[in-house]
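Listed in order, the protein sequences are those of chains D and L. The numbering of the first sequence is our numbering, which starts it at 388 and goes up by one. The numbering of the second sequence is our numbering, which starts it at 388 and goes up by one. Just so it is clear, CB atoms sit at the ideal spot from N, CA and C, and this is done for glycine as well. Let me begin by presenting the structure, written as structure tokens, before commenting on it.
There are 2 protein chains.
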Amino acid sequence: MAAVSTREQIVEIADDLFYRGGFEATSFADIAADIGISRGNFYYYFKTKDEILDAVIDRRLQRTSAMLDGWESQAPEPRERIVAFIELLIANRAPIMAYGCPVGTLCAELAKLDHVHRERAAEIFGLFARWLEKQFRALGADETAREWALHVLAWSQGVASLATAFKDEAFIRREVADITCWLDDRIVSLSQ
Amino acid sequence: MAAVSTREQIVEIADDLFYRGGFEATSFADIAADIGISRGNFYYYFKTKDEILDAVIDRRLQRTSAMLDGWESQAPEPRERIVAFIELLIANRAPIMAYGCPVGTLCAELAKLDHVHRERAAEIFGLFARWLEKQFRALGADETAREWALHVLAWSQGVASLATAFKDEAFIRREVADITCWLDDRIVSLSQ
DNA sequence: ACGTCATTAGGACAATTGTCCAAATCATGC
DNA sequence: GCATGATTTGGACAATTGTCCTAATGACGT
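Below, the structure written as structure tokens:
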């Protein structure tokens, strides 16, 4: 019990600190201080910092999957599911304006570090992309489902990026409305 | 002469290394090794690493301004100028897929570091935003010029972000074509 | 050829990094 | 109450970090 708890605590705190401060800039000491354990204790659970990152990515993959599954069971209509995704930008506007999108910023940092877990981090985007593609397919957009999925994903990334730079909440809300309009236009075009 | 050259070399190499490896992960030793000068020599030109970052941001602001001015003098039509901006994504596709957008990734990193130069870095986005706004205004879009400018900027950021994660060149070309279509749709709507 | 000032080299510096280990502590079954 | 294994501690470690200083080198006017 205590063992699992400590390991989970390490991953949970590391996840948060990696997001808010970046992977490279977050040290073992930072994580240890936040949890309240000794620095040496890490070694019992993780041999290297990369192993912690690996566990953090696992956690994010799992939580992302759970969130996407939740939207599928809560919203019966594909449109509402996609809207739920888009409105993540509003729900998380405060941390996004402060630290950016957790997925995009991690992928960007690992790309610069040429890190071994670079592709595993990008797989979080992969989850979103395939899920969105599935929703567009459910709307009947077989041909363009993949393109539209990547488009929505890219759009949301761009909004997050500028929102971080300008700390502009009105901009987020405006773009979210725009994406929703774009989505409804696509839905209308499918029924014609 | 030699003095200016060394200082310029430091800023130039630092600019490149900050882009390819990130600010935090790039050390004085890395920059010195790339130039071929001793580590101690930095102190003659820059007292702290933040001062180098400051000079790098200055350089980027200046070069961005020069590029935007160049587009204005080379392309007579606002549409062609905006297209030139959009096609930066294609012209720089290789480094973008490897390291992301220089502006977006720097802003994201400085946001996480809560760095003093965070806003100065965001001002590079500011240059692009005001320039794009100016072009849309020249097209006659007075009301929506600012919104459209931020929209194009965000869109291009999103494309860069996903391009880095997926290393997908076809995706870049597809989205660039989409942005161009969007632009032409806006232009058509203005003449109606 | 000399003196002056700008430039550079090389290393000292304390602090921090990720890694790793031995000893101490804890919990649990007998 | 004791033994065993899981867990934690505190610190050692070599390397690297940004910062800073002194001495050497350079160029250039006189």
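| Outcome for Ser452 of chain D when other beta-carbon atoms lying within 10 angstroms are tallied against a minimum of 16 | What you label residue 452 of chain D is simply residue 65 of the first sequence in a count that begins at 1. So Ser452 of chain D counts as exposed.
| field | Whether Thr492 of chain L touches Ala495 of chain D by CB criterion (9 Å) | value | Here residue 492 of chain L refers to the residue found at position 105 of the second sequence. Here residue 495 of chain D refers to the residue found at position 108 of the first sequence. Yes, the Cβ-Cβ distance between Thr492 of chain L and Ala495 of chain D is below 9 Å.
| Buried versus exposed call for Cys488 of chain D [16 or more other C-beta atoms within 10 Å across all chains shown] | In the first sequence, the residue the question calls residue 488 of chain D occupies position 101. Buried: at least 16 other Cβ atoms inside 10 Å.
| query | If we cut at 9 Å on Cβ distances, does Arg426 of chain L have a partner in chain D? | reply | For the purposes of this step, residue 426 of chain L is taken as the residue at position 39 of the second sequence. With 9 Å as the cut-off, Arg426 of chain L does not count as an interface residue toward chain D.
| said: At the level of alpha carbons, what is the spacing between Asp403 of chain L and Arg505 of chain L? | reply: Within the second sequence, the letter at position 16 stands for residue 403 of chain L. Within the second sequence, the letter at position 118 stands for residue 505 of chain L. Taking the straight line from one Cα to the other gives about 18 Å.
| request: Output the distance between the C-alpha atoms of Ser485 of chain D and Gln579 of chain D, rounded to the nearest integer angstrom. | output: Here residue 485 of chain D corresponds to residue number 98 of the first sequence, with the count starting at 1. Here residue 579 of chain D corresponds to residue number 192 of the first sequence, with the count starting at 1. For the record, residue 485 of chain D in the displayed sequence is Ala; it is not Ser. Spanning the two alpha carbons is a distance of roughly 42 Å.
| field | Against chain L: residues of the stretch 487 to 510 of chain D by CB proximity under 7 Å | value | Contact annotation: in the stretch 487 to 510 of chain D, residues whose CB is within less than 7 Å of a CB in chain L are Gly487, Gly491, Thr492, Cys494, Ala495, Glu496, Ala498, Lys499, Leu500 and Ala509.
| field | Closest by C-alpha distance to Ala508 of chain L, when choosing among L:Ser548, L:Asp445, L:Gly427 and L:Asp417 | value | Taking the first residue of the second sequence as 1, we reach residue 508 of chain L at position 121. The residue with the shortest Cα to Cα distance from Ala508 of chain L is L:Asp445.
| query | Skipping 5 residues on each side, what residues in its chain have a beta carbon closer than 7 Å to that of Ile559 of chain D? | reply | Residue mapping note: residue 559 of chain D aligns to position 172 of the first sequence, counting from 1. Here the set comprises Leu476, Ile477, Arg480, Val546 and Ala550.
| query | Contact check, Thr393 of chain L vs Tyr432 of chain L under 8 Å by CB: the rounded distance? | reply | The residue given as residue 393 of chain L occupies position 6 in the second sequence. The residue given as residue 432 of chain L occupies position 45 in the second sequence. Yes, Thr393 of chain L and Tyr432 of chain L are in contact; Cβ-Cβ is about 7 Å, under 8 Å.
| message | Buried or exposed, going by whether 16 or more other CB atoms sit within 10 Å of the CB of Pro465 of chain L? | response | Locating residue 465 of chain L in the second sequence gives position 78, counting from the first residue. Pro465 of chain L should be labelled buried.
| said: For Lys434 of chain L, count the other beta carbons within 10 Å of its own beta carbon; 16 or more makes it buried, fewer makes it exposed. Which is it? | reply: Looking up residue 434 of chain L in the second sequence gives position 47. With fewer than 16 other Cβ atoms within 10 Å, it is exposed.
| query | Which ranges does the beta strand (DSSP E) cover as unbroken runs of at least 3 residues, wholly within the stretch 439 to 509 of chain D, from first to last along the chain? | reply | Listed in chain order, there is nothing to give.
| Inter-residue spacing [alpha-carbon to alpha-carbon] between Ala552 of chain D and Asp571 of chain L | Position 165 of the first sequence, counted from the start, is the residue given in the question as residue 552 of chain D. Position 184 of the second sequence, counted from the start, is the residue given in the question as residue 571 of chain L. Rounded to whole angstroms, Ala552 of chain D to Asp571 of chain L spans 28 Å at the Cα level.
| said: Tell me the rounded alpha-carbon separation between Pro427 of chain D and Asp417 of chain D. | reply: In the first sequence, counting from the first residue as 1, residue 427 of chain D sits at position 40. In the first sequence, counting from the first residue as 1, residue 417 of chain D sits at position 30. Before going on, a small fix: residue 427 of chain D reads as Gly here, not Pro. The alpha-carbon atoms of Gly427 of chain D and Asp417 of chain D are separated by roughly 13 Å.
| field | Between the CA atoms of Tyr406 of chain L and Val490 of chain D - distance to the nearest angstrom | value | Here residue 490 of chain D corresponds to residue number 103 of the first sequence, with the count starting at 1. Here residue 406 of chain L corresponds to residue number 19 of the second sequence, with the count starting at 1. When rounded, the distance between both Cα atoms is 19 Å.
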